[in-house]
Amino acid sequence: MQFNARLNCDGCNALEHINRDIIIKKASELMRSGATMLAESCPLCGSPLFKLVSGEVVCPVHGRVMLVKSEEELSEANVASVLIELEKSIASKLGDYISKIRSGKEVEFEDLRGIISWLDALERVERIKTILSREKMQEKRKTKPSRKTAD
Ligand SMILES: [Zn+2]
């Protein structure tokens, strides 16, 4: 995005002024595309957030944002992303062992211990993920009582 300092009027911060123009322009574009304005604002720039038809939440300045309602939700989101990262690292570690085995090098006892430890770690990650998603589903059931009568 480019800012040009043409709108340099007295008594106001030029950059802020231009920013606001861009925000208004982007916001009206979003509205035209069917997006709805939310009560929440972007934590980075304070612009109102918009919900797209697709359900995605976007800031007119920053684009897509992840909306969390509370500190608890924020830490949940952090935990979830850490778990995903861990899963990836573990998978790549296990991949190293696979290439060693494939390369025809002798598999040592230490390697086996390594594989078992990493698989153990992976199992724990999976277990935590299952527990967390189960908790989340129970919470949802608690906070949204009987909206659905079927199933
Ligand atoms: Zn923003």
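Numbering (this note's numbering), first residue to last: 596 to 746.
For every residue, glycine included, the Cβ atom is placed at its ideal position computed from N, Cα and C.
For my contact list, residue i and residue j are in at a C-beta cut-off of 8 Å; report their separation, rounded to the angstrom.
{"i": "Val720", "j": "Ile685", "result": "7 Å"}
{"i": "Ala622", "j": "Pro655", "result": "5 Å"}
{"i": "Trp713", "j": "Leu689", "result": "5 Å"}
Per DSSP, what kind of secondary structure is residue i in: helix, strand or coil?
{"i": "Glu718", "result": "helix"}
{"i": "Glu701", "result": "coil"}
{"i": "Gly690", "result": "helix"}
{"i": "Ala622", "result": "helix"}
{"i": "Ser712", "result": "helix"}
{"i": "Leu639", "result": "coil"}
{"i": "Leu681", "result": "helix"}
{"i": "Ser665", "result": "coil"}
{"i": "Asn614", "result": "helix"}
{"i": "Gly606", "result": "In this predicted model, Gly606 has a pLDDT of only 45, less than 50, meaning its place in the structure is not dependable; the value taken from the coordinates is given anyway. Here Gly606 sits in coil by DSSP."}
{"i": "Met596", "result": "Note on Met596: pLDDT 41, under 50, position unreliable in the model; no value is reported."}
In the DSSP assignment, what are the bridge partners of residue i?
{"i": "Met732", "result": "The partner list for Met732 (beta bridge, DSSP) is empty, contrary to what the question assumes."}
{"i": "Arg659", "result": "Val653"}
{"i": "Thr631", "result": "Lys646"}
Using CA coordinates, which residue listed in the options is at the minimum distance from residue i?
{"i": "Leu647", "options": "Cys640, Pro638, Glu668 and Leu662", "result": "Leu662"}
{"i": "Lys683", "options": "Ile723, Glu624, Lys731 and Leu717", "result": "Leu717"}
{"i": "Ile726", "options": "Ala675, Asp616, Ile619 and Ser642", "result": "Ala675"}
{"i": "Arg615", "options": "Ile679, Glu734 and Gly641", "result": "Gly641"}
{"i": "Pro643", "options": "Ile679, Met632 and Ser649", "result": "Met632"}
{"i": "Cys637", "options": "Glu730, Gly629 and Gly658", "result": "Gly658"}
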